[in-house]
Amino acid sequence: MAQLRIPGPTPCPPEVLQASARQMFNHRGAEFHKLLTDVTAKMKQVFQTKNDLYLLTGSGTGGLEAAVVNVLSPKDKILSVTIGVFGDRWANIAKTFGAEPILLKSEWGKPADPDAIKKAIKDNPDLKAVFVTHNETSTGVTNDLEAISKVVKDAGKLLVVDAISSMSSIDLPVDKWGCDVVITGSQKGWMVPPGMAMVSVSEEAWKAFAQAKMPRFYWDFGKAKSYLEKAENPWTPAVSIVVAFDVALDMILKEGLQNVFARHARIAKMMRDGVKAMGLPPFVEEKYASNTVTAVSIPAGLDGKKFRQILQSEYEIVLTGGQQTLDGKIFRIGHMGFVSEKEIKELLAAMKTTLPKAGFKG
43 MAQLRIPGPT PCPPEVLQAS ARQMFNHRGA EFHKLLTDVT AKMKQVFQTK
93 NDLYLLTGSG TGGLEAAVVN VLSPKDKILS VTIGVFGDRW ANIAKTFGAE
143 PILLKSEWGK PADPDAIKKA IKDNPDLKAV FVTHNETSTG VTNDLEAISK
193 VVKDAGKLLV VDAISSMSSI DLPVDKWGCD VVITGSQKGW MVPPGMAMVS
243 VSEEAWKAFA QAKMPRFYWD FGKAKSYLEK AENPWTPAVS IVVAFDVALD
293 MILKEGLQNV FARHARIAKM MRDGVKAMGL PPFVEEKYAS NTVTAVSIPA
343 GLDGKKFRQI LQSEYEIVLT GGQQTLDGKI FRIGHMGFVS EKEIKELLAA
393 MKTTLPKAGF KG
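In my numbering, the protein residues as written are 43 to 404.
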């Protein structure tokens, strides 16, 4: 495939794929002990945290569930700040386990308003925690997490962050912003195949854990903590993914975190500028547009499905459509992790050639 440009899974560098193809070895032995210790230490650098950090075998959604069941009890009230599909999903997970989410929804394509969050916290003083998505791939919006974190921490509330599609691509200094639980997933900007959720846990989150009464077994942070003390996972881990991480993290750290963030910002701007130059309307305003996924409104005359089909059949470029109420209204372009300016130029050229074939008059 020439280009996989969806919001995840994302392309992996050849050296990462080669590393992940090695033969299995003992996950309770000395070699894995060293590997897990090294990977965890490197990952903390990307999280910009000194908090505890764990690799959990599962999808990003598994990580979201883990966050819920480890800090909450049934009947706990939480503020669910949702700006799209994945914010809604997280609220549903919390509700499934007996929490009482108070929904603070923004119009899809718009970010959360820190002032509205401040008011919601004031109106609900018994809130246990605030759950917020940093970067919503269903709409291509990045929330102002720095401003949100200040509001939440000034109110003395636990801050739980879905950073699945932002961490490692968009700056998120966990400790500086006081984020208590932060979840991400291997298949996004990390340049690693799907299969691992990673989570950081603050001292305040551990206090919440000590009081939390929701049922948990596989996702138990306490088990993860006790096993990591001997450089192991509680359950059989995705060994190949951990091996891949060792290589991918070296690549990220060699490039330099700030350079990685700057590259994503440049590529995202190139993508948005290129789309606008073709006469296509961005779904999201520039000031809160994501640096990892661009959402484009489908204008009158353009057959969005046909457009994506032609791109795939003629250029081996894969984009994706909108979800739920945005199905048929937008298409989305992923550009996180292993991606270069050269690839974006090639993508834009292919889009320009394909648009008229799908009915776009320009």
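Note that the Cβ used here is the ideal one computed from N, Cα and C, for glycine as well.
Alpha carbon of Phe-263 to alpha carbon of Thr-91, nearest angstrom: 17 Å
Spatial neighbours of Phe-287 in its chain, beta-carbon cut-off 6 Å, leaving aside the 5 residues before and after: Val-81 and Val-234
Cβ shell of Gly-105 (< 8 Å), same chain only, five flanking positions each side left out: Closer than 8 Å at the Cβ level, and outside the excluded window around Gly-105, lie Leu-98, Ile-206, Ile-225, Thr-226, Gly-227, Ala-239, Met-240 and Val-241.
Start-to-end residues for the beta strand (DSSP E) that takes in Lys-147: For Lys-147, the enclosing beta strand (DSSP E) begins and ends at 142–147.
Cross-strand partners of Ala-331 (DSSP beta bridge): Val-183
Straight-line Cα distance separating Thr-79 from Lys-348: 48 Å
Own chain partners of Lys-218 with C-beta closer than 6 Å, once the 5 adjacent residues on each side are dropped: none
Terminal residues of the beta strand (DSSP E) in which Leu-98 lies: Taken as a continuous stretch (DSSP letters only), the beta strand (DSSP E) holding Leu-98 covers 94–99.
Sub-8 Å separation of Val-381 and Ile-309 beta-carbons: yes
Whole-angstrom C-beta distance between Phe-74 and Val-216, which should lie under 8 Å: Rounded, the Cβ-Cβ distance is 26 Å, inconsistent with contact.
Which of helix, strand or coil DSSP assigns to Thr-396: helix
Simplified DSSP state of Asp-262, which is helix, strand or coil: coil
Assigned secondary structure, Pro-56 (DSSP; H/G/I helix, E/B strand, else coil): helix
Nearest neighbour of Val-183, chosen from Thr-124, Asp-222 and Leu-344 [CA to CA]: Thr-124
Any 3 or more C-beta pairs closer than 8 Å across the stretch 138–145 and the stretch 115–124: yes
Continuous beta strand (DSSP E) stretch holding Arg-204: start and end: A small correction: the amino acid at residue 204 is Asp; Arg does not occupy that position in the sequence shown. Residues 200–204.
Beta-carbon proximity check, Ile-372 vs Met-312, cutoff 8 Å: no
Three or more C-beta pairs below 8 Å linking the stretch 337–353 and the stretch 363–372: Yes, the stretch 337–353 touches the stretch 363–372.
Host beta strand (DSSP E) of Thr-138 (start-end): Careful: Thr-138 lies outside any beta strand (DSSP E), inside the alpha helix (DSSP H) at 127–138.
Element boundaries [alpha helix (DSSP H), containing Ala-307]: 299–319
Pick from Ala-319, Gly-237 and Leu-201 that is closest to Ser-62, judged by C-alpha positions: Nearest option by C-alpha distance: Gly-237.
Alpha helix (DSSP H) runs contained entirely in the stretch 336–403, provided each spans 4 or more residues: 346–357 and 383–396
Check whether Leu-146 and Ala-136 have beta carbons under 8 Å apart: no
Counted within 10 angstroms of its Cβ, other Cβ atoms place Asp-222 as buried (16 or more) or exposed: buried
Burial state of Lys-255 (16 or more Cβ within 10 Å): exposed
Opening and closing residue of the beta strand (DSSP E) in which Ala-197 lies: Taken as a continuous stretch (DSSP letters only), Ala-197 belongs to no beta strand (DSSP E), as it is neither H nor E.
Candidates Lys-152, Ser-122, Val-194 and Leu-353, of which the one nearest Ala-331 by Cα: Lys-152
Burial state of Gly-71 (16 or more Cβ within 10 Å): Around the Cβ of Gly-71, a 10 Å sphere holds fewer than 16 other Cβ atoms; the residue is exposed.
Per DSSP, the bridge partner or partners of Asn-177: Thr-184
Nearest residue (CA-CA) to Glu-246, options Gly-102, Gln-366 and Lys-170: Lys-170
Distance between Val-202 and His-176 (C-alpha atoms, nearest Å): 10 Å
Beta-carbon contacts of Ser-191 that lie in its chain and below 7 Å, excluding the five residues immediately before and after: Listed in chain order, the non-local C-beta contacts of Ser-191 below 7 Å within the same chain comprise Leu-201, Trp-219, Gly-220 and Cys-221, local neighbours out to five positions each way being set aside.
Beta-ladder partner(s) of Ser-242, from DSSP: For Ser-242, which the question treats as bridged, DSSP gives the partners Leu-95 and Val-224.
Element boundaries [beta strand (DSSP E), containing Thr-124]: Its beta strand (DSSP E) spans residues 119–124.
Opposing strand residues paired with Val-281 [DSSP bridges]: None; Val-281 has no bridge partner.
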